[in-house]
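Visitor: So for the sequence shown, the UniProt record's numbering puts the first residue at 1; every next one is plus one.
For every residue, glycine included, the Cβ atom is placed at its ideal position computed from N, Cα and C.
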Amino acid sequence: MKTKLITLEGYNKLRLEHDYLWKEQRPEITKIVTWAASLGDRSENADYTFNKRLLRQIDRRVRYLRKLLPDLKIVYYAPEQEGKVFFGAVVEIENDAGDIKTFKIVGPEEIYDERKDYISIDSPMARALLKKEVDDEAVVSTPQGDKTWYINKITYTKD
């Protein structure tokens with residue numbers, strides 16, 4: 001089960017995606033499908049076939065977003081979070097080999113391929129870091145065994 005938490009930035013991005021798909025892309029594709037259908041034989045009409053498939057993908061994503069968005073809980077920054085790792089924290093960690101990683105802990109719906117600096121609150125790393133402070137160590141269970149990381153820095157973006 002995925003955690004239903006999200007940052008304000010992530011929520012706004014999903015909302016914008018929904019609005020773009022529903023108000024801009026879907027009407028455009030619907031016009032193309034209508035035009036292609038008016039040409040006659042649909043079985044050999046590539047425009048019709050391709051755009052009908054695209055329309056189904058858009059509708060599927062819109063249904064998913066409409067079901068998802070009301071269930072999400074936006075987590076806002078609170079001053080009480082300072083000094084500890086909680087949802088929305090940007091954390092810098094280091095291991096014994098001197099490898100340093102920095103990432104933001106976000107909801108699972110905010111993880112995108114292009115964002116390598118985000119990790120899900122549901123990930124083993126985030127779970128190991130929760131409620132820790134600077135200079136604490138976190139032991140993360142991985143398929144290769146337990147790994148120890150030390151927290152160097154914790155910051156929050158104040159939306």
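#1: With distances taken from CA atoms, which of T155, P124, I154, K131 is nearest G145?
#2: Please go through the segment 50 to 74 and give each complete beta strand (DSSP E) segment of 3 or more residues, from N-terminal end onward.
#3: Does the beta-carbon of E24 have 16 or more other beta-carbons within 10 angstroms, so that it is buried, or is it exposed?
#4: Going by beta-carbon coordinates alone, are I151 and L129 separated by less than 8 Å?
#5: By Cβ distance, which residues of its chain are closer than 8 Å to I100, with the 5 residues on each side in sequence left out?
#6: Return the chain-ordered list of same chain residues with a C-beta closer than 6 Å to the C-beta of W22, the five sequence neighbours on each side being excluded.
#7: Would you kindly check if the distance between the Cβ of V90 and the Cβ of D132 is under 8 Å?
Guide: Working from what's here:
#1: Looking from the CA of G145, the closest CA among T155, P124, I154, K131 belongs to P124.
#2: Within the segment 50 to 74, no beta strand (DSSP E) run of at least 3 residues lies entirely inside it.
#3: Of the other Cβ atoms in all chains shown, fewer than 16 fall within 10 Å of the Cβ of E24; this residue is therefore exposed.
#4: The answer is yes: Cβ separation under 8 Å.
#5: Excluding positions up to five away in sequence, the list reads E92, I93, E94, N152.
#6: Excluding positions up to five away in sequence, the list reads V62.
#7: One point to set straight first is that residue 132 is Lys, not Asp, in the sequence displayed. Remark: C-beta atoms of K132 and V90 do not approach each other more closely than 8 Å.
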